[in-house]
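Going by this note's numbering, the sequence shown opens with residue 40, and the numbers climb by one from there. We put the CB at the ideal spot given by N, CA and C, even for glycine.
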Amino acid sequence: MDSASVYASLPLDWPQKEIRFLEILETSPQLRCRLSKGSLLHNPKFCALSYVWGTSRDYHDIVVNDVTFSVTKSLADALSNIQIHWTQAFPDRNKTDMRVWADALCINQADNADKGYQVPLMKDIYSSAEITFCSLDEISSESNIPAAIDIISEIYSRLDQRHPITGLDAVSGILEDLPAHQFHRKVGGRTWGSDEHPIQAAQISIIDNFDTLQYWRRAWIVQELVLSKQVTMYYSTSSIRLEQFTRVVEWAKSLDQELPPETLPLGQNLLAIRLKVFKTIHEIKNLRRIYHCPCPEVHDMRFLWVQGASFRATNPKDHIYALCGITNLDIPPRYDENVSVAEVYIEFCIEQVKSFGKNSYFEPLHFLSHAGLSNGDPTKLGLPTWVPNFPACAEAYGESVNICFPHVREVKEWRDCIGRSEDISIRDRSLFTTSLHIDCISDVSPAIQEGTEIPFLRHVYKMLKDSFESSENPYRKDAHPFLKLASAFYHTRIPNQVWMSYELIRVARMFLWIHLSVLKARKWASKSYEDDCGDFPKNICFDLEQYKEAGDREEQPYFESFVRNISAKSLEGAEWSADSFNDLNHFWRGVRVARTIGNEFALVPPQAEAGDHIVLLRGYPMLPLIRKVEEHYAYIGFVGFAEEVVEKKLQDYNTGESKLEYVEIR
40 MDSASVYASL PLDWPQKEIR FLEILETSPQ LRCRLSKGSL LHNPKFCALS YVWGTSRDYH
100 DIVVNDVTFS VTKSLADALS NIQIHWTQAF PDRNKTDMRV WADALCINQA DNADKGYQVP
160 LMKDIYSSAE ITFCSLDEIS SESNIPAAID IISEIYSRLD QRHPITGLDA VSGILEDLPA
220 HQFHRKVGGR TWGSDEHPIQ AAQISIIDNF DTLQYWRRAW IVQELVLSKQ VTMYYSTSSI
280 RLEQFTRVVE WAKSLDQELP PETLPLGQNL LAIRLKVFKT IHEIKNLRRI YHCPCPEVHD
340 MRFLWVQGAS FRATNPKDHI YALCGITNLD IPPRYDENVS VAEVYIEFCI EQVKSFGKNS
400 YFEPLHFLSH AGLSNGDPTK LGLPTWVPNF PACAEAYGES VNICFPHVRE VKEWRDCIGR
460 SEDISIRDRS LFTTSLHIDC ISDVSPAIQE GTEIPFLRHV YKMLKDSFES SENPYRKDAH
520 PFLKLASAFY HTRIPNQVWM SYELIRVARM FLWIHLSVLK ARKWASKSYE DDCGDFPKNI
580 CFDLEQYKEA GDREEQPYFE SFVRNISAKS LEGAEWSADS FNDLNHFWRG VRVARTIGNE
640 FALVPPQAEA GDHIVLLRGY PMLPLIRKVE EHYAYIGFVG FAEEVVEKKL QDYNTGESKL
700 EYVEIR
């Protein structure tokens, strides 16, 4: 008898919503279980298991219905310890009453029909379970998880006992003398060292390590934890309830508003910072609040698909299927090998376009934010360029290429500016919509990244000079090339008195930071660069003396002040150095600077080329970059560009001077 015969002996009645349950008979010397079945229509009592599948290289044998099954170590460890936590949750019940739903065993993984039936039922399974147990990782003798749970549980206990829980003395009291633990250093892991405070250093590293668990990156975690009535997270014999963990994380986050920066001792401050960064916990908390809210008007979860870009999935199709249960998208799972990933993603996009009405918060083509050549190579999965590349985005933690400074002003969204919703359609592998041409890339720099600093700067200087020489009156403040370049970082023209504006100085100092770092390197290439480009203000402002003659007289004092602000000869002692480094780091995925045929500047993704078109697309609120390929277009990504130029093009369209183009994107 083999595993197939076990499943054959337990056929499921689909109309009755039958599923299989696992009963644990014994955990030692070998894990022995029994599979049975029951109907969700009869309100069965059971718990659900959430866990990391683990690698296919490490299998353990367990016995199910007297047949040997091979399962991953992570599942074997999860099942070996789940009874401990079930007994703690239900102390008045006998452990033999425990029945658990675990996907790897309760679904016949070799039967696509069984998977296609039970995967859509997972919404009902997790919402019907009395409790969901989350096994955070496979068991290891050098795991830091028990220590992390102990520290977080102690903080929760103190929050529960103390009033108030804010204010310097209260916060310091909550964070002092927490349980001491040894930190197990892992290869490639981050640590915080301190000879003066070794206990706090270990605590900080333990919490930091806890945030890097693969469990938090699983695509299925969103559905499993949002739908569940109760959630307990466990590792071996240690456990913590989701609401306890969430309260600690939210409390740590609230300290940003409650306490002035750096008022806590260094170790406590760093620990609080580590506690607040659990991105997944914040997201789950907010989504549970929305999903379980009794108000129907806030219960629309169709837009939750964007979470699929932040999480990893073993099967690329699960970036879609893992969220269908709470997004209410009608996409039946198709795990058959003859159904490609591209077909599943295109079906998802079609459903997205269908689901958007006039009152939708998102535009129908909002999925383009995670599509395009800028979000990974679509050919690896055979995707059209306009289809979201969820696996590649997950590797980048859901982040798209940054083409705007953060926390400055909201980027303008171009909604309902051109065309009609009826213009949007998807046929086969093509997306059709209307577009308005804005500008075209004529030149583009190397990407901002390590190793390209000198060619990047030289190319930017060249483009600024070319723009300067092409301008009728480049010394007029609204026409100066560097002003246009800085505007691309903010997506809008910098306001009046630009030469004294913080915005302009911020951009200039970011370039100055690169310039001074190159000079500090003292390599032969930087020596050549110093000979040619050592005068930084002249590189971006050009003939300073001529400006005094040709520029706006009332602007001259501000211009001279601007030049002084960007004339530093070294990063040593520069108060702005750290801020400029952080600004530069914001563009870590390789933004490039481009000059356009219209003598403007744009920030473009690394894949941009001369000849690419900046356009408006009906149904997409950002400003896209597309490339002509024979009779169709490829989608590249979106760009940073001054909105005033776009507004002028829209005026031309509204007066009939410009026309729309019906485009096909593949």
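Apart from sequence neighbours up to five positions away, the residues of its chain that approach G93 with a beta-carbon distance below 8 Å are T111, K112, S113, L114 and E177, ordered along the chain. Considering only V702, C580, D163 and K154, the residue with the shortest C-alpha distance to P520 is C580.
Runs of the beta strand (DSSP E) lying entirely within the stretch 640 to 700 and spanning at least 3 residues, in chain order: 640 to 643, 652 to 656, 663 to 668 and 671 to 677. Taking 8 Å as the upper bound for CB-CB distance, V426 and A381 are in contact here, some 7 Å apart.
For I238, the uninterrupted alpha helix (DSSP H) segment begins and ends at P237 to F249.
Contact check for E700 and H476: beta-carbon distance about 7 Å, within the 8 Å limit, so the pair qualifies. The straight-line gap separating the alpha-carbon atoms of H358 and E301 is approximately 40 Å. About 6 Å separates the CB atoms of H554 and L496; that is less than 8 Å, so the two are in contact. Annotated three-state conformation of M272 is strand, per DSSP. Taking all protein chains in view, the Cβ of S600 is surrounded by fewer than 16 other Cβ atoms within 10 Å, so the residue is classified as exposed. G650 and A143 have their alpha carbons spaced roughly 50 Å apart.
By the CB criterion at 9 Å, V158 and D250 fall outside the cutoff. DSSP places A435 in no alpha helix (DSSP H); its state is neither H nor E. Apart from the 5 residues on each side of it in sequence, S119 sits with its Cβ closer than 7 Å to the Cβ of T66 and L70 in its chain, given in chain order.
Take the alpha-carbon of Y274 and the one of T418: they are about 39 Å apart. Using a Cβ distance threshold of 9 Å, D482 and E639 do not count as a contacting pair.
Listed in chain order, the beta strand (DSSP E) runs fully inside the stretch 367 to 422 amount to none, counting runs of at least 3 residues. It is roughly 12 Å from the alpha-carbon of W290 to the alpha-carbon of L214. Annotated three-state conformation of K76 is strand, per DSSP.
Assigned with DSSP and collapsed to three states, D478 falls in strand. In the pairwise beta carbon analysis, the stretch 189 to 198 is classified as not touching the stretch 101 to 111: fewer than three pairs are separated by under 8 Å. Assignment of V702 by DSSP, reduced to helix, strand and coil, places it in the strand class. At a Cβ-Cβ threshold of 9 Å, K162 and I365 count as neighbours. Excluding its 5 nearest sequence neighbours in each direction, K134 has C-beta neighbours in its own chain below 6 Å: Q122 and T126, listed in chain order. For T135, the three-state secondary structure derived from DSSP is helix.
In the DSSP assignment, D189 falls within the unbroken alpha helix (DSSP H) covering I184 to Q200. Boundaries of the alpha helix (DSSP H) around C145: D142 to C145. The beta carbon of V383 lies closer than 6 Å to those of K356 and I359 in the same chain, with the five residues before and after it left out. If you draw a straight line from the Cα of S697 to the Cα of S526, it comes to about 24 Å.
For the pair S506 and K688, the Cα-to-Cα distance works out to about 20 Å. By DSSP's assignment, T635 forms a beta bridge with I480. The stretch 76 to 95 makes contact with the stretch 49 to 64, as at least three CB pairs between them are under 8 Å. Put simply, the backbone Cα of D574 is about 48 Å away from that of Q242. Our two residues, D295 and G306, have alpha carbons roughly 16 Å apart in a direct line. A straight line joining the alpha-carbon of H405 with that of P534 spans about 30 Å. As DSSP reads the structure, D100 sits in a beta bridge with S109.
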